[in-house]
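Input: a single structure, listed below in structure tokens.
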Amino acid sequence: MVKQSKPPVQAFLEPLLNQLKPLSDVGMIFETAEGPQHCIARLILTSCDLPARAMLLCMKNHNGRYACCYCHHEGVTVGDDYIHRYWPYDSTVALRTHDDLKSSVTRAVNDRCVVDGMFPVASPLFAATGFDLVAGTSIDWMHVVCLGIVKSLLDKWLNSSGELFYIGNKVSFLDKRLLSIACPNKINRTPRTLKEFSTWKANECRSWLFHWSLPVLRGVLPNEYFVHYALWLLVVDCFVE
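Rendered as structure tokens:
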């Protein structure tokens, strides 16, 4: 019988970690041309989206207080429903460490309540030899960049009438450029009109970011903003590579 609720993360992680433990603690010896070699295998990195990361680390979801696993920022709510939250840059906020998360979970378990965004149950990843829950948790670039920053920039450029970077009055010209692009086979979605950017999927945002945006925006977005955007895109490309 298939349940409607999500399975507990321990159901999948614990068997995996149990099999990995002998390889990480003891390792194995194999023969090479240079003689016997000792090899160990350890978990060093996890990659998942924001909802899965919350399940994996047993912490609040991405719109909850102290839901960032990288720092102690509480976050700021947006809107009247208080279900949307963002984390503006604050140089005074302390960064989290593996030991911080472990301490918060210990307090949460002892007090039977949420502490710094951590639920009163320890993630199975704490049992992984040598694994750092902060350094070993990769940033969810799909939600942060593709569906986050990319759409935020498009919203600013196209809907902020009166601003120096506003180009919403040139959508028809931009669309003419965008929709005339012939995509290579590796891009499985052809460009859609900028009027529908709010419904673009993550891979459409990625294609816009790396393949379409610069030739489409060139000469339309004021040069100061275009150059700044191009430099930011170069940084993102370096991180993704």
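Counting in my numbering, the final residue of the sequence shown is number 281, and the numbers go up one at a time with none missing.
Quick reminder that beta carbons are idealized off the backbone N, C-alpha and C, glycines included.
Because the structure is a prediction, the values reported are computed rather than measured.
### Task
List the endpoints of the continuous alpha helix (DSSP H) containing Cys79.
Cys79 -> not in any alpha helix (DSSP H); beta strand (DSSP E) instead, spanning 75–79.
### Message
Here's the rule I'm using: 16 or more other beta-carbon atoms within 10 Å means buried, otherwise exposed. How should Val118 be labelled?
### Response
exposed
### Task
Identify whether Glu71 lies in helix, strand or coil by the three-state DSSP scheme.
strand
### Query
Secondary structure at Leu85, three-state DSSP: helix, strand or coil?
Three-state DSSP puts Leu85 in coil, outside helix and strand.
### Task
Can you grab the Cα-Cα spacing for the pair Glu203 / Leu194, in whole Å?
13 Å
### Query
Near Leu63, what residues of its chain come up, given a Cβ to Cβ distance below 7 Å and the 5 sequence neighbours on each side ignored?
Within the same chain, and ignoring the five residues on either side of Leu63 in sequence, the residues whose Cβ sits closer than 7 Å to its Cβ are Ile80, Ala81.
### Query
Considering Pro268, what are the terminal residues of the beta strand (DSSP E) in which it resides?
Per the sequence shown, the amino acid found at residue 268 is His instead of Pro. Taken as a continuous stretch (DSSP letters only), His268 belongs to no beta strand (DSSP E), being part of the alpha helix (DSSP H) at 263–280.
### Query
Residue range of the beta strand (DSSP E) that Arg125 falls in?
124–126
### Range of the contiguous beta strand (DSSP E) that encloses Val118
116–118
### Message
Helix, strand or coil, according to DSSP, for Val155 in the structure here?
### Response
Taken through DSSP and simplified to helix, strand or coil, Val155 comes out as strand.
### Task
Using alpha carbons as the reference points, say which of Ile189, Asn58, Leu257 lies closest to Ile207.
Leu257
### Query
CB Ser247 to CB Cys223, shorter than 9 Å?
Pairing Ser247 with Cys223 gives a Cβ-Cβ distance under 9 Å.
### Message
At the level of alpha carbons, what is the spacing between Asn243 and Asn150?
### Response
43 Å
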